[in-house]
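Visitor: To start, I am sharing the structure in question, which I have written as structure tokens.
In the working numbering, the protein residues as written are 7 to 152.
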């Protein structure tokens, strides 16, 4: 009897170690995200053909008739990932939201254009928050002037 109990205890201990090791090695990256990370977020008035902000158009201060862009630099690979930019006014109300599905396979830039500012923007302070597959990955402050 004593030998049977010892065998059962050792088997249970071995299973516990195996389960703990398996959990310790599990992915920490959310499903669907692969290993994609955001490496930079840039605001501006104009984008280049590679979806980066044109250097002399980089700004965090916009006129109401400007075109508003946010360029998101990512690195890594995934079969599919979704970038979302959410612009909120200083009172917390959402002014605009734009998303784009990407299929990155290395360093990639993605430009997201806010809807026409004439119809929904007013002078003041804003924040643009960028999400990757639903997780917030960064914010930038900006202001608009009439």
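Positions of the beta carbon are idealized from the N, C-alpha and C atoms, including for glycine.
1) State buried or exposed for residue 153, treating a residue as buried only when at least 16 other CB atoms are found within 10 Å of its CB.
2) Once the 5 residues before and after residue 117 are set aside, which same chain residues still bring their CB inside 7 Å of it?
3) Grab me the residues of residue 109's own chain with a C-beta within less than 8 Å of its C-beta, minus the 5 sequence neighbours each way, in chain order.
4) How is the beta strand (DSSP E) around residue 131 delimited, first residue to last?
5) Near residue 131, which residues of its chain fall below 6 Å by C-beta distance, leaving aside the five closest residues on each side in sequence?
6) Decide if residue 50 is buried, meaning its Cβ has at least 16 other Cβ atoms within 10 Å, or exposed.
7) Give the DSSP bridge partners of residue 104, in chain order.
8) Please report the distance separating the alpha-carbon of residue 147 from that of residue 70.
9) Quick one: using the 10 Å Cβ neighbour count with 16 as the cut-off for buried, is residue 115 buried or exposed?
10) Which value, in whole angstroms, describes the spacing of the CA atoms of residue 94 and residue 107?
11) Alpha carbon to alpha carbon, how far is residue 105 from residue 91?
12) Under a three-way DSSP split, which group does residue 63 fall into?
13) Suppose the cutoff is 6 Å on Cβ atoms and the five residues either side in sequence are ignored; what does the same chain contact list for residue 111 look like?
14) Determine the burial state of residue 134: buried for a count of at least 16 other Cβ atoms within 10 Å of its Cβ, exposed for fewer.
15) Taking only three categories from DSSP, how would you classify residue 50?
Guide: Once the coordinates are examined:
1) Because the chain in this structure spans residues 7 to 152, residue 153 falls outside the shown range and cannot be described.
2) 53, 57, 75 and 77
3) 84, 85, 86 and 87
4) 130 to 138
5) 96 and 149
6) buried
7) 91
8) 16 Å
9) buried
10) 21 Å
11) 6 Å
12) helix
13) 83
14) buried
15) strand
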